[in-house]
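In case it helps, my numbering puts the sequence shown at residues 12 to 319.
Glycine included, C-beta positions come from ideal geometry on N, C-alpha and C.
Quick caveat: nothing in here was measured; it's all calculated off a predicted structure.
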Amino acid sequence: MAKTQTPHIAILPSPGMGHLIPLVEFAKRLVQQHSDFTVTFVIPTDGPPSNAQKSTVDSLPSSMDSVFLPPVDLTDIPEDAKIETVISLTVARSLPFLRDTLKSLVTKKNVVGLVVDLFGTDAFDVAREFNASPYIFFPSTAMALSLFLYLPKLDQMVSCEYRELPEPVRIPGCIPIHGGELLDPTQDRKNDAYKWLLHHTKRYRLADGIMANSFMELEGGAIKALQEKEPGKPPVYPVGPLVNVGSSSSNKAENSDCLKWLDDQPHGSVLFVSFGSGGTLSYNQINELAMGFRPSGCKNSSSNVFER
12 MAKTQTPHIA ILPSPGMGHL IPLVEFAKRL VQQHSDFTVT FVIPTDGPPS
62 NAQKSTVDSL PSSMDSVFLP PVDLTDIPED AKIETVISLT VARSLPFLRD
112 TLKSLVTKKN VVGLVVDLFG TDAFDVAREF NASPYIFFPS TAMALSLFLY
162 LPKLDQMVSC EYRELPEPVR IPGCIPIHGG ELLDPTQDRK NDAYKWLLHH
212 TKRYRLADGI MANSFMELEG GAIKALQEKE PGKPPVYPVG PLVNVGSSSS
262 NKAENSDCLK WLDDQPHGSV LFVSFGSGGT LSYNQINELA MGFRPSGCKN
312 SSSNVFER
């Protein structure tokens, strides 16, 4: 079969639905704005794909394809290993399978780039083996990206734990932040999670570009700082907001109920609290949080807020 000249992008999400969904939305935007592009998702795994993953890739448009890589063995990883370590090792141990997939893909497609997310930088070397430009899609805020790009320098300047710093950390383009309020994996510099995070952030500068899920109207200061030119720093493109608007019918019905409930509340009276896809709180913690909201005038905190 003759090799097509249509530009083709390989996308490598980190393991987990929380990484797959943002990259799917990015890919949809990409092919919507560049109709001659096609996409293949190359998905690392440490076990059989979940029903949610299979449902997501089964609903991809015709210009996109997907490949689940063979599962890697993680049985040697300590049970208390943090998620950053687990994700990074899953990607690193999937590189031979990624290489085989790209080797096959380039015989049929004009693979011009590989897009990874925040924990996929070890795939850059494989991408360059096939003359594919490596890019990062950063699904979080521009402020978080600014911290990631600044972290290698901060690591060199500071010898203690960041939470022990007497002065706030001054991230370029952002408000000063106390070291104890930085991201969880930065709170223990001896832990492998921090070492993996530092490893990836050092490799961010090897990307040909970084696309951030943010926009000037939301984070103008951080984005301007990110776009300031300096040697060895890749260009940063704000491509947000990217949101999941193609939900399933069941999700649409659930969202409709939520929106109706919101519409029935007084203007400016709703406080939205999100713990992230991996956030877990105990019963006592949730109860304490609800008790904390009550003095603020939040009505029926423990029921209306936390049942949803």
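Starting from the Cα of residue i, find the closest Cα among the options and give me that residue.
| i | options | result |
| --- | --- | --- |
| P72 | V50, N62 and K65 | V50 |
| E175 | G190, R214 and K164 | G190 |
| F148 | C185, S70 and Y215 | Y215 |
| S74 | A138, G231, I20 and V127 | I20 |
| P352 | W207, S157 and K201 | Because the chain spans 12 through 319 in this model, residue 352 falls outside it and cannot be assessed. |
| K244 | G220, M227 and S151 | G220 |
| P177 | Q167, P183, E192 and C185 | E192 |
| L23 | L217, A138, K164 and W272 | A138 |
| N142 | E241, L113 and V169 | L113 |
| P18 | H30, H45 and M28 | H45 |
| Q16 | V126, E241 and D47 | D47 |
| P163 | S144, L229, S151 and K206 | K206 |
| F159 | C171, E140, S144 and V180 | V180 |
| S61 | D87, E140 and G29 | G29 |
| A155 | C171, N121 and P196 | P196 |
| P59 | L116, E172 and V78 | V78 |
| C171 | K201, L194 and T118 | K201 |
| M222 | E140, S151, V117 and A92 | S151 |
| K120 | V68, D76 and D69 | D76 |
| V126 | A92, V42 and S144 | S144 |
In terms of residue numbering, what span does the alpha helix (DSSP H) encompassing residue i cover?
| i | result |
| --- | --- |
| L165 | A153 to M168 |
| G124 | Run containing G124: none in the alpha helix (DSSP H); it sits in the beta strand (DSSP E), N121 to V127. |
| I297 | Y294 to F304 |
| V247 | Careful: V247 lies outside any alpha helix (DSSP H), inside the beta strand (DSSP E) at V247 to P249. |
| V97 | I94 to R104 |
| F286 | No alpha helix (DSSP H) holds F286; DSSP gives it neither H nor E. |
| I234 | M227 to L237 |
| P33 | M28 to Q44 |
| F130 | Premise fails: F130 is in no alpha helix (DSSP H) and is neither H nor E. |
| K201 | Neither: K201 is in no alpha helix (DSSP H) and is coded neither H nor E. |
| E140 | F135 to E140 |
| S66 | N62 to D69 |
How about residue i and residue j: do their beta carbons lie closer than 8 Å?
| i | j | result |
| --- | --- | --- |
| A153 | I234 | yes |
| L253 | R40 | yes |
| E36 | N255 | yes |
| N295 | G251 | no |
| D203 | T96 | yes |
| G279 | A236 | no |
| Y146 | G131 | no |
| Y161 | I186 | no |
| L80 | H211 | no |
| L292 | F283 | no |
| P82 | D57 | yes |
| M227 | P249 | yes |
| D133 | V102 | yes |
| D166 | L229 | no |
| Q64 | L31 | yes |
| F135 | A38 | no |
| P26 | I88 | no |
| V281 | L273 | yes |
State the start and end residues of the unbroken beta strand (DSSP E) segment that holds residue i.
| i | result |
| --- | --- |
| H19 | P18 to L23 |
| S77 | M75 to F79 |
| A223 | G220 to A223 |
Measuring only between beta-carbons, confirm whether residue i sits less than 8 Å from chain B.
| i | result |
| --- | --- |
| P18 | In the structure shown, chain B cannot be found, because there is only a single protein chain. |
Strictly by DSSP, which residues pair up with residue i?
| i | result |
| --- | --- |
| P145 | L125 |
| T51 | A21 and D76 |
| I188 | V180 |
Confirm the yes/no value for this check: CB of residue i, any heavy atom of the ligand ATP, distance under 7 Å.
| i | result |
| --- | --- |
| F283 | This structure simply doesn't include the ligand ATP, nor any ligand for that matter. |
Three-pair Cβ contact test at 8 Å for the segment 50 to 65 versus the segment 97 to 114: By the Cβ test, the segment 50 to 65 is in contact with the segment 97 to 114, since at least three Cβ pairs between them sit closer than 8 Å.
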